[in-house]
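*Asks:* My structure is below; once you've seen it, I'll send some questions.
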């Protein structure tokens with residue numbers, strides 16, 4: 003029996019498309035399962051240094067649920083003038099959901115992926131839509147049930 007560690011090659015990777023409906027699902031639990039699909043940890047050929055993940059389409063991002071008082075208490079920070087004094091902008095989850103509902107999912111998933119070039123490559127495979135329609139029907143995405 004061989005004792006060598008398997009490392010996935012670019013030709014070995016078969017990417018699938020998944021569509022996830024997050025209406026009435028808890029934000030953090032759904033985001034962790036989306037991050038697992040993007041990383042490819044659900045596959046037998048998973049290799050930490052290679053992007054082996056699948057494409058994920060998230061619909062109904064405006065209907066995602068949060069627990070407790072996070073709607074008013076959870077804050078999002080951004081620097082509109084990075085590096086300059088007075089450029090920090092702070093908004094809570096309620097206002098961000100009204101303005102850009104898809105950013106709530108994007109921020110949660112991005113922070114669960116590696117903070118390097120590999121993580122940025124994985125984020126390109128994530129498509130988030132506020133409503134229940136998406137323009138990726140030609141890819142024939144399979145429905146994925148989130149346990150959240």
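Numbering (the numbering used here), first residue to last: 3 to 150.
Note that beta-carbon positions come from the ideal geometry of N, C-alpha and C, so glycine has one too.
1. How far does the alpha helix (DSSP H) with residue 120 in it reach, from first residue to last?
2. Give the C-beta separation of residue 144 and residue 18 to the nearest angstrom, bearing in mind that I take them to be a contact with Cβ-Cβ under 8 angstroms.
3. Using C-beta distances below 6 angstroms, list every residue in its chain close to residue 107, excluding the 5 sequence neighbours before and after it, in chain order.
4. Taking its Cβ as the centre, do 16 or more other Cβ atoms sit within 10 Å of residue 124, making it buried, or is it exposed?
5. Tell me whether the beta-carbon of residue 79 lies closer than 8 angstroms to the beta-carbon of residue 95.
6. Compare the C-alpha of residue 115 against each of 3, 55 and 83 and name the closest.
7. Please list the terminal residues of the continuous alpha helix (DSSP H) segment that includes residue 38.
8. Runs of 4 residues minimum, wholly inside the segment 81-121: which ones carry the alpha helix (DSSP H) assignment?
*Replies:* In terms of the structure at hand:
1. For the purposes of this step, residue 120 is taken as residue 118 along the chain shown, with counting starting at 1. Where residue 120 is concerned, the enclosing alpha helix (DSSP H) stretches over 119-125.
2. Residue mapping note: residue 144 aligns to position 142 of the chain shown, counting from 1. Residue mapping note: residue 18 aligns to position 16 of the chain shown, counting from 1. With a Cβ gap of about 7 angstroms, residue 144 and residue 18 count as contacting.
3. Position 105 of the chain shown holds residue 107. When the five nearest sequence neighbours on each side are left out, the beta carbons in the same chain lying within less than 6 angstroms of the beta carbon of residue 107 are those of 60, 63 and 130, in order along the chain.
4. Position 122 of the chain shown holds residue 124. So residue 124 counts as buried.
5. Taking the chain shown and counting its residues from 1, the one referred to as residue 79 is at position 77. Taking the chain shown and counting its residues from 1, the one referred to as residue 95 is at position 93. Against a cut-off of 8 angstroms, the Cβ pair of residue 95 and residue 79 comes out as no contact.
6. The residue given as residue 115 occupies position 113 in the chain shown. For residue 115, the closest alpha carbon among the candidates 3, 55 and 83 is that of 55.
7. Your numbering for residue 38 matches position 36 in the chain shown. Counting along the chain, the alpha helix (DSSP H) containing residue 38 begins and ends at 29-41.
8. The qualifying runs are 95-101 and 103-112.
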